[in-house]
Amino acid sequence: MKILAIETSCDETALALVEANGGLRLPHFKVLKNFVSSQIAVHRPWGGVVPNLAKREHLKNLPIIFQIIMKPELKNKKTLRIHQPLFLIPKVEALAVTVGPGLEPALWTGINFAKDLKANYFSSAGQKIPLVGVNHLEGHLYSFLLPGAVNEKVYKKFGLKAIFPAIALIISGGHTVLLCLESLAKWKKLGETRDDAAGEAFDKVARMLGLSYPGGPEVEKAAKKGNPKAILFPRPMFYAKNYDFSFSGLKTAVLYFIRDAKQQMHSNAAKYLSRHSHPFVVSNRDADIAASFQSAVIDVLVAKTIRAVREFHAKSILLSGGVAANKKIRTAFRSESRKIGVYFFAPSIVFNTDNAVMIAAAAYINYLRKKNRSLRAQSNLSL
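Quick note, the sequence shown lines up with residues 95 to 477 if you use the working numbering.
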């Protein structure tokens, strides 16, 4: 099945043409075309995503990217028969679009564009194809099935029996969710964030440190130069018996530390300058803050996930979401998985952040399950 998928939940306009096969027993995907238009440059001056600007960019980008995706391709002249067309227009057998969660104005642009394609572009060409609404989080959840995933060879060799039961952790800008999966179609939510998601905490700490947008990659970059043990920040809910998360307290601890450090710095600088002619320099302070903050987040994420693996006798850990592109986080989970003897699965870096390929994967699985969501924007849609 060839699926044209559309993703506009936040600040990336993404379309992909994906060939899906294997059914629910062994789903696999071939990426035929994939295009993501980032809006980072548009939102950077504002320090975060502005919904109306995101909507404007989606409206501008969608028709352009669609033309790129559907551009006819030159056939192989060696195998071309007489009277056959020289160019081949990509065949589409299903449409998929993200319906939530996300920014409502942004979601509607994708939904309306998909509806228009179904009603006009494909219908006028005599194609009656299904339009599948997709939960963005399900896209992240199933992204371990995409090409280039960590331990892809294990999946190809042993199939789903090597994976389930599994503990899945989705960490993104707006979500931190821990799940126990019995199969592709059946799961139980164990816990989620009570306040700030891990990605939100990264972004807010980045702003505190004066780093540019998007904050997550900038904090990771700064942390490489710092000492993760320099500052003992709290590990919120580390010892709680439940599987919920909370990063608001950690964020506040970083804020207070920076405030106190600045006051101390000004005091020390004044004393220093009264005795020396060259400037006072505080070396690596921000890098130590970034590294120590990142370490605290990783400790909490890993501890809760590993505890869930043991409690539910899981065979694997599935890590996904934009924050999971962080190399320190991936390394920590890979290491802990080896220690306790379970498989670790994660999408390739390119499919960690928002993309339409993962939306196609979720659409395929939901289509086979005969599960279709309402085609309306649901900003707070949950799993």
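Idealized CB from N, CA, C, for every residue including glycine.
Assumed close pair residue i, residue j - CB separation to whole angstroms, cut-off 8 Å
i: G117; j: L412; result: Not really, about 20 Å apart at Cβ, beyond 8 Å.
i: L303; j: A384; result: 6 Å
i: I163; j: L109; result: 5 Å
i: L189; j: L98; result: 5 Å
i: K335; j: D290; result: Going by Cβ atoms, the distance from K335 to D290 rounds to 21 Å, so no, they are not a contact pair.
i: P259; j: A408; result: 5 Å
i: S410; j: A243; result: So it is not a contact: roughly 12 Å between Cβ atoms.
i: I434; j: I400; result: 6 Å
i: K319; j: N378; result: 6 Å
i: S473; j: G196; result: 6 Å
i: T192; j: I392; result: Not a contact, Cβ separation roughly 28 Å.
Range of the contiguous alpha helix (DSSP H) that encloses residue i
i: T399; result: 379 to 405
i: K431; result: It is worth fixing the name first, because residue 431 is Ser in this sequence and not Lys. That run of the alpha helix (DSSP H) goes 421 to 434.
i: G189; result: In the sequence as presented, Gly is not what sits at residue 189; that position holds Leu. Counting along the chain, L189 falls outside any alpha helix (DSSP H), though it belongs to the beta strand (DSSP E) covering 188 to 194.
i: T156; result: Residue 156 is actually Leu in this sequence, not Thr. Residues 145 to 163.
i: V228; result: It is not in any alpha helix (DSSP H) - V228 instead sits in the beta strand (DSSP E) that spans 225 to 229.
i: F296; result: 292 to 302
i: P311; result: 309 to 317
i: K250; result: 246 to 252
Cut-off 7 Å between Cβ atoms - residues of its own chain near residue i, not counting five sequence neighbours on either side
i: H177; result: Because H177 sits at a pLDDT of 49, beneath the cut-off of 50, its placement in the model cannot be relied upon, and the following sentence gives the value as read from the coordinates. None.
i: N466; result: V226, G227, N460
i: V144; result: H137
i: F160; result: L109
i: N146; result: P199
i: L349; result: M302
Closer than 6 Å: residue i CB and nearest the ligand NAP heavy atom
i: P195; result: Annotation note on the ligand NAP: not contained in the displayed structure, which lists no ligands.
Paired residues, beta bridge with residue i - DSSP
i: T107; result: S131
i: E286; result: V271
i: V444; result: DSSP, once it has assigned bridges, lists no residue as partnering V444.
i: S277; result: DSSP lists no partner for S277.
i: F123; result: A114
i: K96; result: E113
i: S410; result: A260, Y437
i: F339; result: T287
Start and end residues, beta strand (DSSP E) containing residue i
i: T102; result: Careful: T102 lies outside any beta strand (DSSP E) and carries neither H nor E.
i: W202; result: Looking at the DSSP string, W202 is not in any beta strand (DSSP E); the run it does join, the alpha helix (DSSP H), is 198 to 210.
i: F438; result: 437 to 439
i: I265; result: 260 to 265
i: N449; result: That residue, N449, is in no beta strand (DSSP E); it is neither H nor E in DSSP.
Same chain only: Cβ atoms within 6 Å of residue i, ignoring 5 sequence neighbours per side
i: H372; result: Any reading at H372 must be qualified, since the residue scores a pLDDT of 46, below 50, and its modelled position is unreliable; the value itself is stated next. Closer than 6 Å at Cβ, skipping near neighbours: no residue.
i: W202; result: A471
i: A324; result: D382, S386
i: N128; result: A110, V451
i: E232; result: A456
i: T102; result: H152, A200, T203, G204
i: T48; result: As shown, the chain starts at 95 and ends at 477. That puts residue 48 outside it, with no answer to give.
i: A390; result: F327, R329, L344
i: F216; result: I223
Spatial neighbours of residue i in its chain, beta-carbon cut-off 8 Å, leaving aside the 5 residues before and after
i: G309; result: F296, D297, K298, V299, A300, R301
i: H370; result: Confidence in H370 is poor, its pLDDT being 48 and thus under 50, which makes the residue's placement unreliable; the coordinate value appears in the next sentence. Same-chain partners within the cutoff: there are none.
i: K421; result: E314
i: E151; result: D105, T107, S131, Q133, V136
i: L254; result: R119, L120, S277, L278
i: L239; result: P121, H122, F123, Y249, A455
i: G141; result: R301, Y307
i: F438; result: V244, N245, S410, I411, L413, F427, R428, S431, R432
i: G285; result: V271, L272, N336, Y337, D338, F339, K398
Interface flag, residue i vs chain C, CB-CB below 7 Å
i: R432; result: The question asks about chain C, but that chain is absent: this structure has only one protein chain.
Cβ pair count under 8 Å reaching 3, the region 269 to 284 against the region 418 to 438: no
Inter-stretch contact (C-beta, 8 Å, three-pair minimum) for the region 337 to 348 and the region 289 to 303: yes
Inter-stretch contact (C-beta, 8 Å, three-pair minimum) for the region 212 to 228 and the region 122 to 140: no
Cβ pair count under 8 Å reaching 3, the region 260 to 268 against the region 406 to 420: Touching, yes.
Meets three-Cβ-pair contact criterion under 8 Å: the region 207 to 223 and the region 441 to 449: no
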